[in-house]
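Novice:
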């Protein structure tokens, strides 16, 4: 029996999560890059068709569209739910043919980081819509990040520290903190920093 009794339920939960992506555009774009492309999601049992347009700014989410998409993923609504929650990885899903892919391998690789981020965001969405009961048993998120360059290592440590601080605030100070809204604000700060660019160098 499906987690979602009908298309309306799938759209409210799964589609509702995807509709949270446009405010997170700077963060998503940092992960997947700036190449204009459309990710098509074709879900069944129940049916839900979604196009995530990465060419729009901010990115756009469209339902019930006939556009093909540069990359298309086909899966049951339950399997897509498992992907978002971290109970199943994209690699395992493709290998087991739980997810079918159309499009170039290179473009698929560009959108893969989204599915690495989703298990950190999807639980917040489920809690926000009062459906934390739907959260699948997620695979343990990585606790360490292997990097080669000092700058990457520093950024990884800063990102971890920011995430730890956000979690500490949520659990000890503000249990009702909207983490997705906080991440949207973080994304706006990132976009502002990009537009500002490096400051003038001190003369020597």
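Numbering (my numbering), first residue to last: 9 to 212. Ideal placement from N, C-alpha and C gives every residue a C-beta, glycine not left out.
1) I need the straight-line Cα distance from residue 124 to residue 56, nearest angstrom please.
2) Roughly how many angstroms lie between the CA atoms of residue 87 and residue 58, to the nearest whole one?
3) So, helix, strand or coil for residue 129, using DSSP?
4) With a Cβ-Cβ cutoff of 8 Å, do residue 47 and residue 62 count as a contact?
5) Where does the unbroken alpha helix (DSSP H) through residue 88 begin, and where does it stop?
6) Are the beta-carbon atoms belonging to residue 115 and residue 74 less than 8 Å from one another?
7) Provide the residue(s) that pair with residue 106 in DSSP beta bridges, ordered along the chain.
8) Would you check if the stretch 65-73 and the stretch 87-106 touch, i.e. whether three or more CB-CB distances between them fall below 8 Å?
9) Residue 84 and residue 51 look like a contact to me (Cβ under 8 Å); what is the Cβ gap, rounded to whole Å?
10) Relative to the alpha-carbon of residue 122, which residue among 110, 20 and 29 has its alpha-carbon at the smallest distance?
11) Let me check understanding here. Comparing Cα to Cα, which of 23, 94, 33 and 89 lies closest to residue 64?
12) Is it right to say residue 60 is buried, meaning 16 or more other beta carbons lie within 10 angstroms of its own, or is it exposed?
13) Strictly by DSSP, which residues pair up with residue 28?
14) Which residues share a DSSP beta bridge with residue 111?
15) How many Å lie between residue 53 and residue 35 at the Cα?
16) Sort 66, 90, 129 and 41 by Cα distance to residue 117 and report the nearest one.
17) With a threshold of 16 other CB atoms inside 10 Å of the CB of residue 90, please say whether the residue is buried or exposed.
18) Run through DSSP, which three-state label would residue 22 get?
19) Here's a check: name, in chain order, each residue in its chain whose Cβ is nearer than 6 Å to the Cβ of residue 44, leaving out the five neighbours to either side.
Specialist: In short:
1) 22 Å
2) 15 Å
3) helix
4) yes
5) 85-93
6) no
7) Bridge partners of residue 106: none, in fact.
8) no
9) 7 Å
10) 29
11) 33
12) buried
13) For residue 28, which the question treats as bridged, DSSP gives no partner whatsoever.
14) 79
15) 31 Å
16) 41
17) buried
18) helix
19) 63
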